[in-house]
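Number of protein chains: 2
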Amino acid sequence: MYKVKLLLVFIFSTLNAQISQIKYSLETKYIEVPLDHFAYIEEPNVFQLRYLINAEHYDEMGPIFIYTGGKGDISVQAQNAGFMFDIASTFKALLVFIEHRYYGESLPFGDTSFSSLKHLKYLSTSQALADVAYVTKYLKTTFSEIEELQPTVVVFGESYGGMLAAWLRMKYPYLVTGTIASSAPIFDFPGLTECNTFYEKITDVYNKYGGQKCVEMIQRGWDIIAAALSKKKIGKDVLSELKICSKIESTKDVEKVLNWLQNILVTLAMANYNYPTNLYTPLPAYPVKVFCEKLTPYNEINNNSFIHHYSRALDFYTNYTGNNLCNNINYINEDLTEFAWNYQKCTELISPRCSTENDMFVTKPWNYEKYAHDCNARFGVKNVRPDWATLAYGGEDLKYYSNIVFSNGDMEPWLTSSVVDNITNSIFSINIPDTTNQVDLRQYNPADNNYVTETRNFHIRTIMQWLDGEN
Amino acid sequence: MYKVKLLLVFIFSTLNAQISQIKYSLETKYIEVPLDHFAYIEEPNVFQLRYLINAEHYDEMGPIFIYTGGKGDISVQAQNAGFMFDIASTFKALLVFIEHRYYGESLPFGDTSFSSLKHLKYLSTSQALADVAYVTKYLKTTFSEIEELQPTVVVFGESYGGMLAAWLRMKYPYLVTGTIASSAPIFDFPGLTECNTFYEKITDVYNKYGGQKCVEMIQRGWDIIAAALSKKKIGKDVLSELKICSKIESTKDVEKVLNWLQNILVTLAMANYNYPTNLYTPLPAYPVKVFCEKLTPYNEINNNSFIHHYSRALDFYTNYTGNNLCNNINYINEDLTEFAWNYQKCTELISPRCSTENDMFVTKPWNYEKYAHDCNARFGVKNVRPDWATLAYGGEDLKYYSNIVFSNGDMEPWLTSSVVDNITNSIFSINIPDTTNQVDLRQYNPADNNYVTETRNFHIRTIMQWLDGEN
Chain R
0 MYKVKLLLVF IFSTLNAQIS QIKYSLETKY IEVPLDHFAY IEEPNVFQLR
50 YLINAEHYDE MGPIFIYTGG KGDISVQAQN AGFMFDIAST FKALLVFIEH
100 RYYGESLPFG DTSFSSLKHL KYLSTSQALA DVAYVTKYLK TTFSEIEELQ
150 PTVVVFGESY GGMLAAWLRM KYPYLVTGTI ASSAPIFDFP GLTECNTFYE
200 KITDVYNKYG GQKCVEMIQR GWDIIAAALS KKKIGKDVLS ELKICSKIES
250 TKDVEKVLNW LQNILVTLAM ANYNYPTNLY TPLPAYPVKV FCEKLTPYNE
300 INNNSFIHHY SRALDFYTNY TGNNLCNNIN YINEDLTEFA WNYQKCTELI
350 SPRCSTENDM FVTKPWNYEK YAHDCNARFG VKNVRPDWAT LAYGGEDLKY
400 YSNIVFSNGD MEPWLTSSVV DNITNSIFSI NIPDTTNQVD LRQYNPADNN
450 YVTETRNFHI RTIMQWLDGE N
Chain C
0 MYKVKLLLVF IFSTLNAQIS QIKYSLETKY IEVPLDHFAY IEEPNVFQLR
50 YLINAEHYDE MGPIFIYTGG KGDISVQAQN AGFMFDIAST FKALLVFIEH
100 RYYGESLPFG DTSFSSLKHL KYLSTSQALA DVAYVTKYLK TTFSEIEELQ
150 PTVVVFGESY GGMLAAWLRM KYPYLVTGTI ASSAPIFDFP GLTECNTFYE
200 KITDVYNKYG GQKCVEMIQR GWDIIAAALS KKKIGKDVLS ELKICSKIES
250 TKDVEKVLNW LQNILVTLAM ANYNYPTNLY TPLPAYPVKV FCEKLTPYNE
300 INNNSFIHHY SRALDFYTNY TGNNLCNNIN YINEDLTEFA WNYQKCTELI
350 SPRCSTENDM FVTKPWNYEK YAHDCNARFG VKNVRPDWAT LAYGGEDLKY
400 YSNIVFSNGD MEPWLTSSVV DNITNSIFSI NIPDTTNQVD LRQYNPADNN
450 YVTETRNFHI RTIMQWLDGE N
């Protein structure tokens, strides 16, 4: 039913070599979990879920630290959650990283997991949460049948995985003592966040780290690039500058190129750490700054030279290997991770997005009908449910819950759809100045600013309090 | 796949005429709800759920009182939840009774809802709770898009419906302010309640209301009845005394008769109100007492006369119309309600039961393997999950929740698997002396004892506090 190329999923399983040679040692395990936790179905009714463990510092009196995997391969995510390894010895904790169903190796139907709605339909947040609850219960019960003797569990997660970590505590509080949810935009749903805020925040990031001139050039650039690509006969130089693999034959193709560029700019903002990282691709410190510093020296903006400069300024991202022959701008080559993620974005995780004159992107309204129509066309999903996540997880009304820390970089794109205020005396929010996504859950780095260090210390103290409360 | 006779489901839609002629007026509504809340499925992906409303005393400033339907037709349940009608004017409340999927008219696949696992599989507590959440949200949103302006919701439920009402507050606290859960045995799962407690409690009820001699006669009776039925040639008189419709040809048939009798004795204990009711069939006040008073005068216990007396003592139950020609002891004639319920008992709602020498029933151990095997044979359910309810709803660990009143009759069969202690300063338990199931949610009755009245007053005060807390 769906066309997906089986590409190699993520190859970046190490932290950037410039920082550290450490590769965290993890043992791979599999557990049989129900395919559908909420129904009794005919076979196959179970599948193998992957999880990774590290017991290096574990002592039987210690807690279990569970990481709720989000989008992507769990082994990549585990290698980027260095904070958990950094504090494992302090707590004598067992580290467990649970892969999200339909990502990495946790494919319920193997190679055909993405072949039709019949196989894909078990991909949902409720099922994923129940998986984690199931594995958590299994791990606790492995130690003792008696609840009082079972280890305490603290949950960690980042981004979408952070949302799951928070929801786990909200929906299954008796299983886990508390959650550290880093950069978890749990308000990124219709009615909770205005559609314009995401791109405005990214524009802020470029303003702060790249300067106003960079923002202006990006803003003016869209028309120039679109015009160059829309010409009946596109100059070979324009195409070769952008290194697009496919032909540009329609306005839709032009739009694809603009989307592709926009996604790169968004990614640079997401990965705008103050030290080199290898989260998406290998990137230098402050990639937004790097890009803008390459782009802004050129004052002469005409089609050819602008596109040349723009394209070269992005080379450190698009051609970091030096061997990239051309850039693919088509959906069809998305990897399985992106495919699964787009399915989730088309079903439950509906995040309204629009661009206005207040941001640096091409102005575009939020059109839910078109969005739903496209999702239907793509996945055959007839009942896109924009309100489900809010119904299931309670929207902004968090006062009934406890023991969750929401931490965010104050320069991260999703800040405006995250929890940025303390809600109760045990639902905390920390906004970490001058940082982007999920920095606090990364490994200690000499370049970390004081706020990051303080945030991590806060996490440690909070976890200690949670554990004390259980004893 | 399954053999079910389409019998008329419950005909008892009125309170017993001896008490009152009141028939509560209710408007019938239907709402389209997702068939599978946790997946995106191909069509049909929705069905019509029934709910009943009464707006007689409603004022737009008032709350919504929602009744979470349990096993059975919602119109029958609504007519037996008179307490909600009794207090509607005090609170100016809108009353809404939501039918449970797969019961009454809320059949996702109409006549074929029970035809195969493919259609039955959407019957689960998680789906049912999501239905109620969905309808609740819809009702609130109908009043205003703005959350702060939406009416407050209080939930009521009894027995299984009471479990759902409690779980609704636990899983969706932002939707509902509090729950009155009457006779809700939320601990009736493996590992939470000992298998012997249920029949011991019933024996207590017979001891208290029928006397020790009655219990002894029942205890001795099983062997006598079994022996009479097991004879190669069963005397016509024995068969005609018991009025069994089908032939007794095997030990399995004998077991069926004993089960049938046991179920009647259980039902009498469940319905052992101190005034006449019409919940299961029309019954007099204290049916346990009535039965025992008819049984115990006979001291001479030999096969024929004992069975004669036993059978006649039950006539007020088995032949209340005076027209019952014979008693059906086979599964095959269960109505759809019982069929759906047995499916639930075979999938999620696993309640261990055993009889020992401490109760008045035939000694029988709890044999989970046999139970699971029988469920598989009957419904094709391969993955009976005895631990799911505890995983999903947290077992005995209720300290994270708030605003639930658990009320129980201290002489009700399920008392030992219910919440009988206050858990926190907002999770209360009330044990109502000298009463059986769900009495507090029934209509006011002059025969109510003071404890029942006090319990209802407690409910009223508690609801007032909840509503005050919201304003």
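Residue numbers (numbering that gives the first Met the number 0), protein chains in the order written: chain R, 0 to 470; chain C, 0 to 470. Positions of the beta carbon are idealized from the N, C-alpha and C atoms, including for glycine.
For residue i, collect the residues of the same chain with a Cβ closer than 7 angstroms to its Cβ; drop the 5 residues on either side in sequence, then sort them by chain order.
| i | result |
| --- | --- |
| R:Gly-161 | Ala-180, Ser-181, Ser-182 and Ala-183 |
| C:Val-361 | Trp-221, Leu-257 and Ser-354 |
| R:Pro-43 | Leu-34 |
| C:Ser-425 | Ser-401 and Asn-402 |
| C:Val-438 | Tyr-272, Gly-408, Ile-431 and Val-451 |
| C:Tyr-319 | Thr-280 and Pro-281 |
| R:Asn-218 | The residue you asked about is not Asn; residue 218 of chain R is Gln in the sequence shown. These residues qualify, in order along the chain: Met-359. |
| R:Val-289 | Pro-283 and Phe-315 |
| R:Tyr-57 | Lys-91, Ala-92 and Leu-93 |
| C:Phe-108 | His-118 |
| C:Glu-199 | Asn-357 and Asp-358 |
Could you check where the alpha helix (DSSP H) with residue i kicks off and where it finishes?
| i | result |
| --- | --- |
| R:Leu-177 | For the sequence presented, residue 177 of chain R should be read as Gly rather than Leu. No alpha helix (DSSP H) holds R:Gly-177; the beta strand (DSSP E) holding it covers 177-181. |
| C:Arg-168 | 159-170 |
| R:Tyr-316 | 314-317 |
| C:Phe-84 | 81-90 |
| C:Lys-117 | 116-119 |
| C:Lys-139 | 124-142 |
| R:His-74 | The displayed chain sequence assigns Ser, not His, to residue 74 of chain R. 73-78 is the span of the alpha helix (DSSP H), which, as asked, contains R:Ser-74. |
Could you tell me the alpha carbon to alpha carbon distance between residue i and residue j, rounded to whole angstroms?
| i | j | result |
| --- | --- | --- |
| R:Ile-403 | R:Ala-165 | 7 angstroms |
| C:Leu-397 | C:Met-216 | 41 angstroms |
| R:Val-45 | R:Arg-100 | 12 angstroms |
| C:Thr-415 | C:Thr-192 | 7 angstroms |
| R:Leu-294 | R:Leu-25 | 42 angstroms |
| C:Phe-84 | C:Met-463 | 16 angstroms |
| C:Trp-140 | R:Tyr-121 | What sits at residue 140 of chain C in the sequence shown is Thr, not Trp. About 29 angstroms. |
| C:Ser-417 | C:Gln-343 | 19 angstroms |
| C:Ala-312 | C:Ile-263 | 12 angstroms |
| R:Thr-111 | R:Thr-178 | 34 angstroms |
| R:Trp-465 | R:Asn-53 | 22 angstroms |
| C:Gln-20 | C:Gln-78 | Bear in mind that a pLDDT of 40 at C:Gln-20, under 50, signals an unreliable position, so the number given afterwards is only what the model happens to contain. Going by the C-alpha atoms only, they are around 11 angstroms apart. |
| C:Cys-345 | C:Leu-116 | 12 angstroms |
| R:Gly-209 | R:Thr-202 | 10 angstroms |
| R:Thr-435 | R:Glu-157 | 12 angstroms |
Using the DSSP secondary-structure output, state which residues sit across from residue i in a beta bridge.
| i | result |
| --- | --- |
| C:Tyr-205 | C:Tyr-205 is not bridged to any residue. |
| C:Lys-428 | According to the sequence shown, residue 428 of chain C is Ser rather than Lys. The partner list for C:Ser-428 (beta bridge, DSSP) reads C:Phe-405. |
| C:Arg-49 | C:Tyr-29 |
| C:Leu-34 | According to DSSP, C:Leu-34 bridges with nothing at all. |
| C:Phe-96 | C:Leu-51 and C:Tyr-66 |
| R:Gly-156 | R:Ala-180 |
| R:Asn-326 | R:Ile-243 |
| C:Thr-111 | For C:Thr-111, which the question treats as bridged, DSSP gives no partner whatsoever. |
| C:Thr-423 | C:Ile-426 |
Can you name, in chain order, every residue of its own chain whose Cβ lies under 8 angstroms from the Cβ of residue i, other than the five neighbours on each side?
| i | result |
| --- | --- |
| C:Glu-469 | Thr-151 and Thr-176 |
| C:Asn-375 | Lys-381 and Val-383 |
| R:Leu-128 | Leu-163, Trp-166, Leu-167, Lys-170 and Tyr-171 |
Less than 6 angstroms between C-beta atoms, sequence neighbours within five positions excluded: which residues of the same chain meet that for residue i?
| i | result |
| --- | --- |
| R:Pro-364 | Cys-353 |
| C:Phe-305 | Ile-223 |
| C:Thr-389 | Phe-188 |
| C:Ser-310 | Glu-240 and Leu-241 |
| R:Val-32 | Leu-48, Asp-130 and Tyr-133 |
| C:Asn-206 | Val-214 |
Practice task
At 4 residues or longer, and completely inside the stretch 336-404 of chain C: list those alpha helix (DSSP H) runs for me, N to C.
Solution key: 367-378 and 387-392
Handout entry: alpha helix (DSSP H) runs wholly inside the stretch 218-297 of chain R, at least 4 long, in chain order
Key = 235-241, 250-269 and 286-294
Exercise for the section: Could you pull out every unbroken beta strand (DSSP E) segment of at least 3 residues lying fully inside the stretch 435-464 of chain C, listed in chain order? Expected result: none
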